[in-house]
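Here is the structure we will look at.
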Amino acid sequence: MEIMDPFAYELLSQPLPPGFDPFSGSGGGYEAMDMEQLDNYFRAIGVLPPLPPANAHVQPAPPASSYDDDGAAALATYDSDDDDIGASLRDMETDTRQRPSPGCTAPLARAALVQWMHDFARHFGVGQDALHRAVSYADRFLSASAAVTGADIRNDYQLRLLGAAAVYAASKYEDSRDTAQRMMNARDIAVCCGFASSREVLDAERALLAALGYRLGGPTAHTFVEHFTRRHVGQEVRRRAHALADSSLFDHRCVKLLPSAVAAAAVLLARLCLEPAHSHDREQVRRWSKELEGLTGYKPMDVYDGLDCMYDMLPDDPGFDLSPLLFADPIPS
Numbered sequence: 006m007e008i009m010d011p012f013a014y015e016l017l018s019q020p021l022p023p024g025f026d027p028f029s030g031s032g033g034g035y036e037a038m039d040m041e042q043l044d045n046y047f048r049a050i051g052v053l054p055p056l057p058p059a060n061a062h063v064q065p066a067p068p069a070s071s072y073d074d075d076g077a078a079a080l081a082t083y084d085s086d087d088d089d090i091g092a093s094l095r096d097m098e099t100d101t102r103q104r105p106s107p108g109c110t111a112p113l114a115r116a117a118l119v120q121w122m123h124d125f126a127r128h129f130g131v132g133q134d135a136l137h138r139a140v141s142y143a144d145r146f147l148s149a150s151a152a153v154t155g156a157d158i159r160n161d162y163q164l165r166l167l168g169a170a171a172v173y174a175a176s177k178y179e180d181s182r183d184t185a186q187r188m189m190n191a192r193d194i195a196v197c198c199g200f201a202s203s204r205e206v207l208d209a210e211r212a213l214l215a216a217l218g219y220r221l222g223g224p225t226a227h228t229f230v231e232h233f234t235r236r237h238v239g240q241e242v243r244r245r246a247h248a249l250a251d252s253s254l255f256d257h258r259c260v261k262l263l264p265s266a267v268a269a270a271a272v273l274l275a276r277l278c279l280e281p282a283h284s285h286d287r288e289q290v291r292r293w294s295k296e297l298e299g300l301t302g303y304k305p306m307d308v309y310d311g312l313d314c315m316y317d318m319l320p321d322d323p324g325f326d327l328s329p330l331l332f333a334d335p336i337p338s
């Protein structure tokens with residue numbers, strides 16, 4: 006007989022959350038969950054397995070089948086599995102129910118929240134994949150709260166509680182997919198962060214799940230960096246692209262961008278950072294532009310906003326600018 010996951014039991018030991026009304030203050034006006042919400046809730050907390058992605062109906066730009074880079078190995082033709090995965094990820098990222106609304110929180114307050122979540126995640130050994138997911142959860146929750154009340158959350162305690170709940174939920178989601186060892190529980194979070202009790206942490210998590218409609222599986226920029234760099238991109242490019250995508254979490258301007266666009270910009274900027282001297286070689290820039298489109302379906306100008314944000318956040322002078330890349334003529338077919 007399979008024993009229920011203790012973290013799922015922890016949530017189920019309390020009454021099921023009703024329809025989301027996070028700022029009513031009294032619990033009034035709640036509606037009972039219907040069967041679809043109940044099913045989503047059980048899947049969100051790991052009692053039931055996640056549903057497979059819906060078949061994509063929005064196809065990304067077809068990737069180039071091959072590419073010659075001065076004798077380097079040509080890009081292989083995407084196989085049907087790659088096409089299906091890529092199309093499903095693109096379809097999921099455009100689901101408006103899983104997209105935050107930009108501008109719902111003051112930029113400095115949001116940056117402080119993300120920094121706190123970053124430090125909190127590191128303390129508990131939570132990976133960057135879960136942190137990206139947690140920041141997305143927090144942005145979506147803040148969007149929902151603004152839609153309900155017309156105002157953002159300004160109390161530091163509430164923001165920290167939200168951040169902790171988001172990281173907690175995201176880490177459990179990633180753990181359920183990767184069967185990793187869980188490193189935290191509600192009691193540890195309450196003690197570490199100075200919250201009133203483990204019950205307060207669990208209540209915050211449950212309110213978060215309800216606000217998100219129990220939709221936790223949307224792709225992040227981290228997801229797309231992994232997807233775009235799984236083939237024919239060196240490990241150093243991949244590592245640098247992940248670092249750049251991580252930096253995008255702190256910039257409120259990136260909230261409005263699709264995760265795939267942020268990831269594509271990170272991959273391109275990573276290559277430029279690693280080979281800045283080649284950024285002045287027009288032919289090389291053209292090849293990189295064509296390769297970007299082959300890998301991601303994006304042209305450089307398509308991801309200008311993400312490039313600009315992450316370029317501004319580089320700690321040192323990178324030794325190149327973006328103009329030669331953005332305005333290079335395409336290589337004739």
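In the numbering used here, the protein residues as written are 6 to 338.
A virtual CB, placed ideally from N, CA and C, is assigned to each residue, including glycine.
Next item on the list: On a CA-only basis, which of 99, 169 and 141 is nearest residue 122? Give me that one, please.
Entry: 169
Margin query: What does the Cβ neighbour count give for residue 207, buried or exposed, with the cut at 16 atoms within 10 Å?
Written below: Residue 207 counts as buried, since no fewer than 16 other beta carbons sit within 10 angstroms of its beta carbon.
Next item on the list: Indicate the three-state DSSP secondary structure (helix, strand or coil) for residue 73 in the structure shown.
Entry: Bear in mind that the predicted position of residue 73 carries a pLDDT of just 41, short of 50, making it unreliable; the figure below should be weighed with that in mind. The answer is coil: DSSP assigns residue 73 none of H, G, I, E or B.
Notebook entry, point to check: Candidates 96, 129, 306 and 253: which alpha carbon is nearest residue 195's?
Noted result: Of 96, 129, 306 and 253, the residue nearest in Cα terms is 129.
Checklist line | Proximal residues to residue 233 (C-beta, below 7 angstroms), its chain only, five neighbours per side dropped | finding: 268, 269, 272, 300 and 301
Next item on the list: Just the C-alpha distance for residue 5 and residue 193, rounded to the nearest angstrom, thanks.
Entry: Residue 5 is absent from the model: the chain starts at 6 and stops at 338.
Note to self: Can you confirm whether the region 286-300 touches the region 134-146 when touching is taken to mean that 3 or more C-beta pairs between the two stretches lie within less than 8 angstroms?
What the structure shows: no
Notebook entry, point to check: CB residue 167 to CB residue 146, shorter than 8 angstroms?
Noted result: yes
Next item on the list: Report yes if the C-beta distance between residue 253 and residue 315 is below 8 angstroms; otherwise report no.
Entry: yes
Check: Near residue 190, which residues of its chain fall below 6 angstroms by C-beta distance, leaving aside the five closest residues on each side in sequence?
Finding: none
Check: Roughly how many angstroms lie between the CA atoms of residue 311 and residue 259, to the nearest whole one?
Finding: If you draw a straight line from the Cα of residue 311 to the Cα of residue 259, it comes to about 7 angstroms.
Next item on the list: Could you tell me the boundaries of the alpha helix (DSSP H) in which residue 400 lies?
Entry: The chain is shown from 6 up to 338; residue 400 falls before or after that span and cannot be answered.
Notebook entry, point to check: What is the DSSP secondary structure of residue 259, reduced to helix, strand or coil?
Noted result: helix
Note to self: Just to confirm, is the Cβ distance from residue 224 to residue 264 under 8 angstroms?
What the structure shows: yes
Check: Any idea what DSSP makes of residue 26, helix, strand or coil?
Finding: Confidence at residue 26 is low in this model, with a pLDDT of 41, below 50, so its placement is unreliable and the value that follows should be read with caution. Residue 26: coil per DSSP, three-state reduction.
Next item on the list: Assign residue 328 to buried or exposed, taking buried as 16 or more other Cβ atoms, counted over all protein chains shown, within 10 Å of its Cβ.
Entry: exposed
Check: Would residue 31 be called buried (16 or more neighbouring beta carbons within 10 Å of its own) or exposed?
Finding: Its pLDDT being 36, under 50, residue 31 is placed unreliably in this model, and the value from its coordinates should be taken loosely. Burial call: exposed.
Notebook entry, point to check: So what does DSSP say about residue 244, is it helix, strand or coil?
Noted result: helix
Check: Roughly how many angstroms lie between the CA atoms of residue 229 and residue 217, to the nearest whole one?
Finding: 21 angstroms
Note to self: I'd like to know whether the C-beta atoms of residue 179 and residue 132 end up nearer to each other than 8 angstroms.
What the structure shows: yes
Notebook entry, point to check: Cα separation between residue 244 and residue 150?
Noted result: 35 angstroms
Notebook entry, point to check: Would DSSP call residue 314 helix, strand or coil?
Noted result: helix
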